[in-house]
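J.: In the numbering used here, the protein residues as written are 206 to 311. By construction, the Cβ of each residue, glycine as well, lies at the ideal position given by its N, Cα and C atoms. Note that this is a predicted model, so its numbers are computed, not measured.
1) Quick check: what's the CA-CA separation for residue 240 versus residue 206?
2) Are the segment 221 to 228 and the segment 269 to 284 in contact at 8 Å, needing three or more beta carbon pairs?
3) Would you mind listing the beta strand (DSSP E) stretches within the segment 209 to 297 that are 3+ residues and don't spill past its ends, in chain order?
4) Roughly how many angstroms separate the alpha carbons of residue 257 and residue 298, rounded to a whole number?
5) Given that a residue counts as buried once 16 or more other Cβ atoms are within 10 Å of its Cβ, and exposed if not, what is residue 292?
6) Between residue 253 and residue 285, what straight-line distance do the alpha-carbon atoms span, to the nearest angstrom?
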């Protein structure tokens, strides 16, 4: 079982589906990204729960970066410290500090 993301004209993920495994051959079809693209009329890219391909599992609203062949989550905040790390994941020290649990030492 494999998962595929459909992209709009701006490379934004509009839907993620479960589809044929990339090794499965049906009626001579071996390239499922291409087959799903042709049926839907949208670009289709495989995605992976365990991030073995394209860095991150695609979700609706994610952006596909064709240069790095990566799915990137929507920008989570507007802090100037926000950066995209080498795993194509957002990092923001300001947000992480704000989200750390406060210990109840009373």
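T.: A quick look at the data gives this:
1) If you number the chain shown from 1, residue 240 lands on position 35. If you number the chain shown from 1, residue 206 lands on position 1. Here the alpha carbons of residue 206 and residue 240 stand approximately 16 Å from one another.
2) Touching, no.
3) Runs of the beta strand (DSSP E) inside the segment 209 to 297: 218 to 224, 248 to 252, 268 to 270 and 275 to 277.
4) Position 52 of the chain shown, counted from the first residue, corresponds to residue 257. Position 93 of the chain shown, counted from the first residue, corresponds to residue 298. Computed Cα separation, rounded: 26 Å.
5) Here residue 292 corresponds to residue number 87 of the chain shown, with the count starting at 1. Flag for residue 292 reads exposed.
6) Position 48 of the chain shown, counted from the start, is the residue given in the question as residue 253. Position 80 of the chain shown, counted from the start, is the residue given in the question as residue 285. A straight-line Cα-Cα distance of about 30 Å links residue 253 and residue 285.
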